[in-house]
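Start counting the sequence shown at 1; every next residue gets the next number (full-length UniProt numbering).
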Amino acid sequence: MEEIKRHQKYWDNSAEIYDDIIQEELSGFKKEAWRRILEEHLSKKGPLKILEIGTGPGFFAILLSQMGHEVTALDFSEYMIKTAKKNALHSGVSVNFIHVSHASPFDNIESYDVIVSRNVTWTLHYPERTYTEWYNWLKKDGQLLIFDANWNITLAKKMHAKVYQNDIEKAKQLGFPVYDEKILFGEGDEIAKNLPLTFAMRPEWDKAVLFQLGFRDIQTRQDFHELIYTKAEQVAYASIPFFSIIAVK
Numbered sequence: 001m002e003e004i005k006r007h008q009k010y011w012d013n014s015a016e017i018y019d020d021i022i023q024e025e026l027s028g029f030k031k032e033a034w035r036r037i038l039e040e041h042l043s044k045k046g047p048l049k050i051l052e053i054g055t056g057p058g059f060f061a062i063l064l065s066q067m068g069h070e071v072t073a074l075d076f077s078e079y080m081i082k083t084a085k086k087n088a089l090h091s092g093v094s095v096n097f098i099h100v101s102h103a104s105p106f107d108n109i110e111s112y113d114v115i116v117s118r119n120v121t122w123t124l125h126y127p128e129r130t131y132t133e134w135y136n137w138l139k140k141d142g143q144l145l146i147f148d149a150n151w152n153i154t155l156a157k158k159m160h161a162k163v164y165q166n167d168i169e170k171a172k173q174l175g176f177p178v179y180d181e182k183i184l185f186g187e188g189d190e191i192a193k194n195l196p197l198t199f200a201m202r203p204e205w206d207k208a209v210l211f212q213l214g215f216r217d218i219q220t221r222q223d224f225h226e227l228i229y230t231k232a233e234q235v236a237y238a239s240i241p242f243f244s245i246i247a248v249k
C-alpha cells in the first residue's frame with residue numbers, strides 16, 4: 001500500500017509537467033496525427049462508448065470526444081483529473097472524468113465498446129489482473145487499444161542505458177526539452193524498478209497474456225516514430241520504439 005501511495009504522489013506532483021506536454025500536443029501537429037491513428041485503430045464506426053484508462057491531463061479523452069464518441073476517462077491521480085477537466089472545458093467537449101482510488105475500485109461489466117490507454121500500462125503493479133478487469137469491462141466483440149513503449153528498458157539493460165543517454169544528448173542539441181529530472185525521472189526511475197513490466201519484453205509479453213485471457217485478433221504496430229514525434233524526439237527515442245496493441249474480446 002505504501003508503494004501505491006508513493007506512486008500516486010509521483011503522478012500528482014507530475015501533473016503540471018504533463019499538462020505542459022499535453023498543451024503542446026493539443027496545439028500542434030500531434031493532435032491531427034493522433035486523430036488519424038485512432039481512426040485507423042478503431043474497428044467500428046459511429047459513436048462508440050469508450051473508456052480511457054489513465055487519462056492524465058486528458059489528451060486522448062478530449063480527442064476522442066471531438067471525434068464524436070461518448071468518453072469516460074479514469075485516473076487515480078486527483079490532480080490529473082482536475083487538470084483534464086480544465087482542458088476539456090477549454091476545448092469545449094463533454095467527458096465523464098472519474099477519479100478512481102485503489103480503495104474504491106471502478107467496475108462496469110461489459111459496458112464499453114473500446115478501452116484505450118496511452119503511456120499507462122508500463123505503470124501497472126498487477127498487469128495480468130488489470131488486463132482481466134479490462135476484458136470484463138468490454139462488451140462482446142469490444143476492442144482493447146494499448147499505446148505504449150518499453151520506457152524503462154534502460155533500467156533493465158545497462159548497454160541500452162548508454163545508447164539512450166547518448167541519444168538524449170544529441171536530441172537536446174535539436175531542442176529536445178529538458179524537464180525537471182528530479183521530479184520526472186529520479187523518483188520515476190525508483191518507482192519503475194519495482195514495476196513488473198519494466199523487465200518484460202513488450203509487446204510480446206502483452207500479446208501472450210492477452211491471448212491467455214481470451215482476447216483474439218491480437219495485432220501490434222510499431223510504425224509510429226515519424227508520425228507522432230518531432231525531429232528531436234525521433235532522435236531521443238530512437239532506441240525505444242513506440243508500439244500499439246489491438247485486441248478483440
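Every residue gets a Cβ at the ideal spot worked out from N, C-alpha and C, and that includes glycine.
Among the options, the one whose alpha carbon lies nearest that of residue i
i: Asn-150; options: Gly-188, Thr-220 and Met-201; result: Met-201
i: Ala-161; options: Ile-240, Asp-20 and Arg-216; result: Ile-240
i: Val-163; options: Tyr-237, Ile-22 and Val-248; result: Tyr-237
i: Thr-121; options: Asp-148, Asp-113 and Trp-134; result: Asp-148
i: Gln-219; options: Thr-83, Glu-169, Glu-32 and Pro-203; result: Pro-203
i: Lys-139; options: Ser-27, Val-248 and Asp-19; result: Val-248
Extent of the continuous beta strand (DSSP E) to which residue i belongs
i: Gln-219; result: 216-221
i: Leu-145; result: 138-149
i: Ser-117; result: 112-118
i: Phe-243; result: 242-248
i: Asp-75; result: 70-75
Counted within 10 angstroms of its Cβ, other Cβ atoms place residue i as buried (16 or more) or exposed
i: Pro-47; result: exposed
i: Leu-174; result: exposed
i: Ala-208; result: exposed
i: Asn-166; result: exposed
i: Ser-94; result: exposed
i: Glu-52; result: buried
i: Pro-196; result: exposed
i: Phe-29; result: exposed
i: Asn-152; result: buried
Inter-residue CB distance, residue i and residue j (contact presumed, cutoff 8 Å)
i: His-41; j: Leu-145; result: 5 Å
i: Ile-22; j: Asn-96; result: Between Asn-96 and Ile-22 the Cβ distance is about 19 Å, and since that is not below 8 Å, they are no contact.
i: Gln-143; j: Val-114; result: 5 Å
i: Arg-221; j: Phe-243; result: 7 Å
i: Ala-61; j: Val-71; result: 5 Å
Delimiting residues of the alpha helix (DSSP H) encompassing residue i
i: Val-95; result: No alpha helix (DSSP H) holds Val-95; DSSP gives it neither H nor E.
i: Ile-17; result: 2-27
i: Leu-155; result: 153-156
Open item on the list: With three or more C-beta pairs closer than 8 Å as the rule, is the stretch 65-79 touching the stretch 4-16?
Closed with: yes
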